[in-house]
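Here the sequence shown is numbered in our numbering, starting from 269 and rising by one per residue.
Glycine included, every Cβ here is placed at the ideal spot set by N, Cα and C.
Report on the following structure.
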Amino acid sequence: MEQDNHFEFSANSSRDGIWSYDILKQEFNLSKEWKKRLGFAQEEKLGYFDYLGLIPDENRFDHHNAMHDVLEKHTGELEYVHFTIQYPLTTKSGEELLIEDIGDIFFNDDKTPIRIAGFHRDITNKKSS
269 MEQDNHFEFS ANSSRDGIWS YDILKQEFNL SKEWKKRLGF AQEEKLGYFD
319 YLGLIPDENR FDHHNAMHDV LEKHTGELEY VHFTIQYPLT TKSGEELLIE
369 DIGDIFFNDD KTPIRIAGFH RDITNKKSS
């Protein structure tokens with residue numbers, strides 16, 4: 269648990285958000301600061317598909333295709349595959365962000381994806397300058 273606190277502290281210091289999605293258990297977790305950045309109270313339930321709903325409709329298919337392309341590249345040689353994708357996100361209050369999502373998709377012995385984890389970086393100001 270102490271290691272998790274170090275990761276959370278590092279993410280908060282950089283203003284990045286840590287997230288993970290256990291596909292088998294259908295459990296989605298966001299770091300406290302990132303959940304707050306998206307406009308959600310800590311006690312509010314936010315599932316993976318709720319999170320995907322923050323991606324504007326016109327961009328959701330592109331996000332799906334990008335993740336599908338990552339999965340297609342998995343050769344089975346490694347237990348995970350790395351990805352970096354960018355997409356817009358609308359916070360609960362309506363603020364539009366541009367997110368860089370960097371993470372890994374983890375697989376079991378049957379080469380089935382079982383977990384996705386990574387971090388989000390708000391690059392809105394970097395793209396607009």
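Cα-Cα separation, E295 to E311: Counting from one through the sequence shown, the residue named residue 295 turns up at place 27. Counting from one through the sequence shown, the residue named residue 311 turns up at place 43. Roughly 15 angstroms separates the two Cα atoms.
According to DSSP, simplified to helix, strand and coil, what is D372? Counting from one through the sequence shown, the residue named residue 372 turns up at place 104. Strand at D372.
Leaving aside the five residues before and after I353 along the sequence, list all residues of the same chain whose C-beta is less than 6 angstroms from its C-beta, in chain order. Locating residue 353 in the sequence shown gives position 85, where the first residue counts as 1. Closer than 6 angstroms at the Cβ level, and outside the excluded window around I353, lie A334, D369.
Could you name the residues of the same chain whose beta carbon sits closer than 8 angstroms to that of I391, not counting the 5 residues immediately before and after it, in chain order? Start at 1 with the first residue of the sequence shown, and residue 391 comes out as number 123. Excluding positions up to five away in sequence, the list reads Q354, L366, I367, E368.
Applying the 10 Å Cβ sphere with the 16-neighbour rule, what's the burial state of G344? In the sequence shown, counting from the first residue as 1, residue 344 sits at position 76. Counting Cβ neighbours within 10 Å, G344 comes out exposed, since fewer than 16 surround it.
Is T392 helix, strand or coil when you go by DSSP? Stepping through the sequence shown from its first residue, residue 392 is reached at position 124. The answer is helix: DSSP assigns T392 an H, G or I state.
Of all the options G386, D378, E363, N376, which has the alpha carbon lying nearest to the alpha carbon of L322? The residue labelled residue 322 in the question sits at position 54 within the sequence shown. It is E363 whose Cα lies nearest to the Cα of L322.
Per-residue burial, F387 [other beta carbons within 10 Å of its own, 16 or more giving buried]: For the purposes of this step, residue 387 is taken as residue 119 along the sequence shown, with counting starting at 1. Flag for F387 reads buried.
Beta-carbon within less than 8 angstroms of D330's beta-carbon, same chain only, minus the 5 sequence neighbours each way: which residues are those? Taking the sequence shown and counting its residues from 1, the one referred to as residue 330 is at position 62. Cβ within range, chain order: Y355.
Quick check on DSSP: helix, strand or coil for E462? Coverage of the chain is limited to positions 269 through 397, which leaves residue 462 absent and any answer about it impossible.
Pull up the distance between the alpha-carbon of L298 and that of K360, whole angstroms please. Here residue 298 refers to the residue found at position 30 of the sequence shown. Here residue 360 refers to the residue found at position 92 of the sequence shown. C-alpha separation (whole angstroms): 15 angstroms.
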